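Chemist:
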Amino acid sequence: MSTAVLSVERYAQQLERDAAALARAELALGPEAPVPTCPGWRMRELLRHLGHVHRWALRYVAEGLTEMLPEVPEAEMIGQGPPDAGLARWLEVGALELAAGLRRAPADLECWSFLPSPSPLLFWARRQAHETAIHRVDGEIAASRSWVPPPAFAADGVSELLLGFAWRSRRRLRRPEPLSAVLEATDTAASWRVEVGPEGLTTESGSAGGEAGTLVRGPAASLYLLLWNRSGEESVAVQGAPEFLEWWREAVHVTWE
């Protein structure tokens, strides 16, 4: 299943901006500041996690690795990196190096990836841009601020989540009683349909297939943050049964490995 994507350059630019914003948040708050949306983490863990992920991703792009690297436990991942005083700069440097590597890589790059995409290069550009954006949101929330991702980027992130991560987990995401939902972005032309039942999960772009039990409408950024569990339902309109969003919050847990 391929999904619509932005350009490598667009992803690289967003990645650079969001990493810089997160670095600024850490400098303002300090490494000890708690991150409410990542329970148990403080800003130092958030930056070390993201800085490690950027460097991990760059190896696939720069070296053309065709097999997955050995998995690094999260505790080890957040134990790496420089002392606290250098964390912000270390994060920014890693993001700049990753963005540069994405720009240098050939369009026909062959390397390992783990979600549907038109190409491995677009996969890595897209995944790392959204990884960074969501963690920027975590940093902004830690600083008691809000940030609204651009509509086209946010809609792309909803597609990655629903048609990528959720699609990958479709066989384990089951429910005895079927549920269906349509999500509509009011500031773009994007919409998605999700159905879950005893046979698993199905997701598709567009809302074809008749009425759904739940309709969720709102700006693309609101849908993006809602589905990533970074916001509640206050900025979207929900019609029909509330069970779909309750099920989503409980059942869908994204992992990157």
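Position 51 of the sequence shown, counted from 1, bears residue number 62 in the numbering used here, the numbering being contiguous throughout. No residue lacks a Cβ here, since even glycine has one placed at the ideal position from N, Cα and C. These numbers were taken from a predicted model, which means no experiment stands behind them.
Excluding the five sequence neighbours on either side, which residues of its own chain have a C-beta within less than 8 angstroms of the C-beta of T225, listed in chain order?
Modeler: Taking the first residue of the sequence shown as position 1, residue 225 is located at position 214. Excluding its 5 nearest sequence neighbours in each direction, T225 has C-beta neighbours in its own chain below 8 angstroms: L190, S191, A192, V193, V249, Q250, G251, A252, P253, E254, F255 and L256, listed in chain order.
Chemist: Between V72 and L113, how many whole angstroms is the CB-CB distance? I'm expecting something under 8 angstroms.
Modeler: Translated into positions along the sequence shown, residue 72 becomes position 61. Translated into positions along the sequence shown, residue 113 becomes position 102. Confirmed, Cβ separation roughly 6 angstroms.
Chemist: If you follow the beta strand (DSSP E) that E87 is part of, which residue opens it and which one closes it?
Modeler: Counted from its first residue, the sequence shown places residue 87 at position 76. For E87, no beta strand (DSSP E) encloses it; the enclosing alpha helix (DSSP H) starts and ends at E85 to M88.
Chemist: What residues in its chain sit with their C-beta under 7 angstroms from that of A11, if we drop five residues either side in the sequence?
Modeler: This structure gives no information on residue 11, because the portion of the chain shown stretches from 12 to 268.
Chemist: Looking only at C-alpha atoms, which of R204, E222, S157 and R147 sits nearest to L102?
Modeler: By 1-based counting over the sequence shown, the position of residue 102 is 91. Minimum Cα distance to L102 is reached at R147.
Chemist: Run the CB neighbour count on T77, radius 10 Å, all protein chains shown included, and call it buried at 16 or more, exposed below.
Modeler: The residue you call residue 77 lines up with position 66 of the sequence shown. Under this definition T77 is an exposed residue.
Chemist: Are G51 and G92 close, meaning C-beta to C-beta below 8 angstroms?
Modeler: Numbered from its first residue, the sequence shown carries residue 51 at position 40. Numbered from its first residue, the sequence shown carries residue 92 at position 81. Cβ distance not < 8 angstroms, so G51 and G92 don't count as in contact.
Chemist: Applying the criterion that 16 or more other CB atoms from any shown protein chain within 10 Å of the CB defines a buried residue, is W267 buried or exposed?
Modeler: For the purposes of this step, residue 267 is identified with residue 256 of the sequence shown, where counting begins at 1. Any reading at W267 must be qualified, since the residue scores a pLDDT of 47, below 50, and its modelled position is unreliable; the value itself is stated next. By the 10 Å Cβ count, W267 comes out exposed.
Chemist: Mark H60 as exposed unless 16 or more other C-beta atoms lie within 10 angstroms of its C-beta, in which case mark it buried.
Modeler: Here the question's residue 60 lines up with position 49 in the sequence shown. By the 10 Å Cβ count, H60 comes out buried.
Chemist: Counting along the chain, where does the beta strand (DSSP E) carrying W203 start and finish?
Modeler: Residue 203 sits at position 192 when you count from the first residue of the sequence shown. Counting along the chain, the beta strand (DSSP E) containing W203 begins and ends at S202 to G208.
Chemist: Measuring alpha carbon to alpha carbon, tell me which of S218, A223 and W259 ends up nearest L236.
Modeler: Position 225 of the sequence shown, counted from the start, is the residue given in the question as residue 236. Looking at the Cα atoms, W259 is the closest of the given residues.
Chemist: For S155, count neighbouring Cβ atoms within 10 angstroms of its own Cβ and tell me buried if that reaches 16, exposed if not.
Modeler: Residue mapping note: residue 155 aligns to position 144 of the sequence shown, counting from 1. Exposed: under 16 other Cβ atoms inside 10 Å.
Chemist: What three-state label does DSSP hand L34 in the structure shown?
Modeler: Residue mapping note: residue 34 aligns to position 23 of the sequence shown, counting from 1. The sequence as given places Ala at residue 34; Leu does not occur at that position. Helix, per DSSP.
Chemist: With H, G and I counted as helix, E and B as strand and the rest as coil, what does DSSP make of A73?
Modeler: Working through the sequence shown from its first residue, we reach residue 73 at position 62. If DSSP states are grouped into helix, strand and coil, A73 belongs with the helices.
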